[in-house]
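Participant: To convert, count from 1 in the sequence shown and add 88; that's the working numbering. Every residue gets a Cβ at the ideal spot worked out from N, C-alpha and C, and that includes glycine.
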Amino acid sequence: MIGQITPLVQAASKKSWVQAVVAHWCGAIGSAALLGLALGALGTALSVTRWQTAAILIVAAVFLFCAFREADITTCPVPSLRRQTPKKFMCAFGPIWGPFAWGLELGQGWTTSIEYVGYYAVVLWAFLLGGSFQGAVVLAIFGLGRGLPILLAGLPRNATAAGPLAAGYETHHSAIQTANVLALAFVGSFLAAAGLML
Numbered sequence: 089m090i091g092q093i094t095p096l097v098q099a100a101s102k103k104s105w106v107q108a109v110v111a112h113w114c115g116a117i118g119s120a121a122l123l124g125l126a127l128g129a130l131g132t133a134l135s136v137t138r139w140q141t142a143a144i145l146i147v148a149a150v151f152l153f154c155a156f157r158e159a160d161i162t163t164c165p166v167p168s169l170r171r172q173t174p175k176k177f178m179c180a181f182g183p184i185w186g187p188f189a190w191g192l193e194l195g196q197g198w199t200t201s202i203e204y205v206g207y208y209a210v211v212l213w214a215f216l217l218g219g220s221f222q223g224a225v226v227l228a229i230f231g232l233g234r235g236l237p238i239l240l241a242g243l244p245r246n247a248t249a250a251g252p253l254a255a256g257y258e259t260h261h262s263a264i265q266t267a268n269v270l271a272l273a274f275v276g277s278f279l280a281a282a283g284l285m286l
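1) For A121, which residues from the same chain have a beta carbon less than 7 Å from its beta carbon, with the 5 sequence-adjacent residues on both sides left out?
2) Under DSSP, the alpha helix (DSSP H) around A159 begins and ends at which residues?
3) Could you check whether I144 and A282 sit closer than 8 Å to each other, using their CB atoms as the reference points?
4) What is the DSSP secondary structure of T266, counted as helix, strand or coil?
5) What does a CB cutoff of less than 8 Å around V166 pick up in its chain, not counting 5 residues either side in sequence?
6) How many Å lie between Q265 and A159 at the Cα?
7) Excluding the 5 residues preceding and the 5 following A116 in the sequence, name in chain order all residues of the same chain whose CB lies nearer than 6 Å to its CB.
8) Compare the Cα-Cα distances from A214 to each of W105, A129 and H112 and report the closest residue.
9) If you draw a straight line from the alpha carbon of L125 to that of C164, how long is it in whole angstroms?
10) For E203, does the three-state DSSP call read helix, strand or coil?
11) Taking C-beta to C-beta, are L216 and V136 nearer than 8 Å?
12) Kindly list the residues whose CB is nearer than 7 Å to the CB of V210, restricted to its own chain and excluding five residues on each side of it in sequence; keep chain order.
13) Within a Cβ cutoff of 6 Å, which residues of the same chain sit near L127, ignoring the five residues on either side of it in sequence?
14) By alpha-carbon positions, which one of A111, F153, L279 and I146 ends up nearest to G186?
15) State buried or exposed for L148, treating a residue as buried only when at least 16 other CB atoms are found within 10 Å of its CB.
16) So for P252, helix, strand or coil by DSSP?
17) First and last residue of the alpha helix (DSSP H) that includes S119?
Right, dumping it as structure tokens:
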């Protein structure tokens, strides 16, 4: 998908690419926020916040598990669909609505193959620790993150899926993975400490 949107920088214009990125972000953030809103509302309806300490410790444990999984300390399989967002979106919906449709699907997270295991921790946080608003905000940030690679991939001059873009991902993969591990471990540790002090 990144390779489908990024070449617009060369094939059309920087303006077309910016429009595609903004459309993709709008779809991803809006879709993720709606998922968070629904999860938060469901958690509130089920009164899961009654067990605040247990909920915090469960979410903390999942964050720490995700940190171990991201660091390849454990290879425990996680549930995930084995599918990708259809490439036909660009043909069916055009250069603006196509990226928007991609964003709508990717913002949900669960409808495609889950590459970032921290998704499970974020979804659980939205369900167990917050109401509708907090759930929407937490998942909207996830949606924002889903769109970030498309923005970063198209910023360099002559960025294409086969050129600097492909090489850049290989070069920076380790640094990105380390940042993910540290972020997951930090949030998990913070929540664990907070839960134990309640």
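Facilitator: With the structure as the only source:
1) A224, L227, A228 and G231
2) Looking at the DSSP string, A159 is not in any alpha helix (DSSP H), and its letter there is neither H nor E.
3) yes
4) helix
5) R157, I202, V205 and Y208
6) 7 Å
7) G191, L194, G195, G231, R234 and G235
8) A129
9) 29 Å
10) coil
11) yes
12) V226, L227 and F230
13) A214, F215 and G223
14) A111
15) In the sequence on display, residue 148 carries Ala and not Leu. Classification of A148: buried, given that the 10 Å Cβ count is 16 or more.
16) At P252, the pLDDT of 46 sits below 50, so the modelled position is not reliable; the number obtained from the coordinates is stated separately. The answer is helix: DSSP assigns P252 an H, G or I state.
17) K102 to A133
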